[in-house]
Amino acid sequence: MTQKSNQSAAFQKLNDEIDFWRAEDRKVRFFLRDDDAVSDTPPLRKLVELSKRSDTPILLAIIPKMADKSLAKLVQETPLVTPAAHGYAHISHTPQGYKPCELDRFRPLEVVIEEMKAARAKLAGLVGEGISALLVPPWNRIHEEIIPHVGDAGFAGISAKGWQRDPTPVPMVNVHMDIIHWSGGVTGRDREWIYLNLAENLEAARKSGWKPVGILTHHLVHDDRAWDSLEAIFEIAKQCEAKWIAADDLLAERQA
Ligand SMILES: [Zn+2]
4 MTQKSNQSAA FQKLNDEIDF WRAEDRKVRF FLRDDDAVSD TPPLRKLVEL
54 SKRSDTPILL AIIPKMADKS LAKLVQETPL VTPAAHGYAH ISHTPQGYKP
104 CELDRFRPLE VVIEEMKAAR AKLAGLVGEG ISALLVPPWN RIHEEIIPHV
154 GDAGFAGISA KGWQRDPTPV PMVNVHMDII HWSGGVTGRD REWIYLNLAE
204 NLEAARKSGW KPVGILTHHL VHDDRAWDSL EAIFEIAKQC EAKWIAADDL
254 LAERQA
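Under my numbering, the residues of the sequence shown are numbered 4 to 259, in order.
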């Protein structure tokens, strides 16, 4: 990337990191996941339009219990969108004092497995063919006891958040960067944060074997700054000739 004298330290750090990839002739790869879809809404339309501009596939995490026919229609009309089950009802079943979790160890295992099956069936019934083999846990949280059983409900992998250090019983296609600052008033991250965070995640990706970096959005809560954060990521991706890849293709890569 070209460097100007007035650029910030964060932007410089990102440029330096991209240079590492260039020097080794490695292509930066990203994937995009968007969570909490239930209906065809103007923000979802906006996300789809943005992704079309840069030919970016979206793993759209849909709450099966709440999803409606308008969403099904949008999904069916948009080949770039792959629908995925985002839990079943996005309801936590943990006791007070525990972090929220729908794929939890507090209910009997069979109940959770049946619910995962119902999630897949409801989504398939709504949108038809082509749903993702990935289960997207609400709050990016699935208790360890549940992970080996996602296959019992027809899922081949999980998309949660963070870099996975240890081997997992099923493949994980995680996101790494959430453009929303949840604890800071549910607002978009600013560009400086985006540059720094992208640099850090690309470094982690490089050090774990030139892995792809997953970007997480939540179209329903995007303010102007969140949309700008996403634009910034698309700009960077374009400048460093990154490849946007579908999450299920990454899953296939993990399985190979
Ligand atoms: Zn969610």
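All C-beta atoms in this analysis are idealised placements derived from N, C-alpha and C, irrespective of residue type, glycine included.
Can you round the beta-carbon distance between residue i and residue j to whole angstroms, since I take them to be within the 8 Å contact cut?
| i | j | result |
| --- | --- | --- |
| L17 | Y198 | 5 Å |
| Y91 | E118 | 5 Å |
| H2 | I66 | Since the displayed the chain opens at 4 and closes at 259, residue 2 lies outside it and no answer follows. |
| K102 | R36 | With a Cβ gap of about 20 Å, K102 and R36 do not count as contacting. |
| A202 | A13 | 7 Å |
So, at 7 Å on beta carbons, what are the nonlocal neighbours of residue i in its own chain, with the 5 sequence-adjacent residues on each side left out?
| i | result |
| --- | --- |
| I94 | E105 |
| L254 | A136, L137, A159, G160, P174, V176 |
| V130 | A75, V78, Q79, P86 |
| L233 | L53, I182, T220 |
| V189 | I183, V224 |
| D193 | R228 |
| K125 | P67, K68 |
| G154 | V173 |
Only counting the same chain, and skipping five residues up and downstream in sequence, which positions put a Cβ closer than 8 Å to that of residue i?
| i | result |
| --- | --- |
| S57 | F237, A240, K241, W247 |
| D107 | S95, H96, T97, V115, H146, I149 |
| P151 | P172, V173 |
| A249 | F34, P60, L62, T85 |
According to DSSP, what are the bridge partners of residue i?
| i | result |
| --- | --- |
| F158 | BP columns for F158 are empty, so no partner. |
| P103 | The partner list for P103 (beta bridge, DSSP) is empty, contrary to what the question assumes. |
| V216 | F33 |
| M175 | I161 |
| D251 | Its beta-bridge partners do not exist; DSSP assigns none. |
| T85 | L62 |
| D22 | DSSP, once it has assigned bridges, lists no residue as partnering D22. |
| D38 | A64 |
| P97 | The displayed chain sequence assigns Thr, not Pro, to residue 97. Its beta-bridge partners do not exist; DSSP assigns none. |
Measure the CB-CB distance between residue i and residue j and report whether it falls below 7 Å.
| i | j | result |
| --- | --- | --- |
| I183 | H222 | no |
| H179 | N204 | yes |
| A156 | I116 | yes |
| E195 | S11 | yes |
| L63 | V84 | yes |
| A163 | P141 | no |
| G191 | A229 | yes |
| V31 | A70 | no |
| D28 | S73 | no |
First and last residue of the beta strand (DSSP E) that includes residue i?
| i | result |
| --- | --- |
| R56 | Unbroken run through R56 is the alpha helix (DSSP H), 45 to 56; no beta strand (DSSP E). |
| L63 | 61 to 65 |
Where does the unbroken alpha helix (DSSP H) through residue i begin, and where does it stop?
| i | result |
| --- | --- |
| A163 | Here A163 belongs to no alpha helix (DSSP H), and DSSP marks it neither H nor E. |
| W139 | The question names Trp, yet the displayed sequence has Val at residue 139. V139 -> no alpha helix (DSSP H), and no H or E assigned at all. |
| I182 | Looking at the DSSP string, I182 is not in any alpha helix (DSSP H), and its letter there is neither H nor E. |
| Y198 | 194 to 210 |
| E238 | 227 to 242 |
Output needed for residue i: all residues of its chain with C-beta closer than 6 Å, excluding positions within five of it in sequence on either side, in chain order.
| i | result |
| --- | --- |
| A208 | K214, V216 |
| D231 | none |
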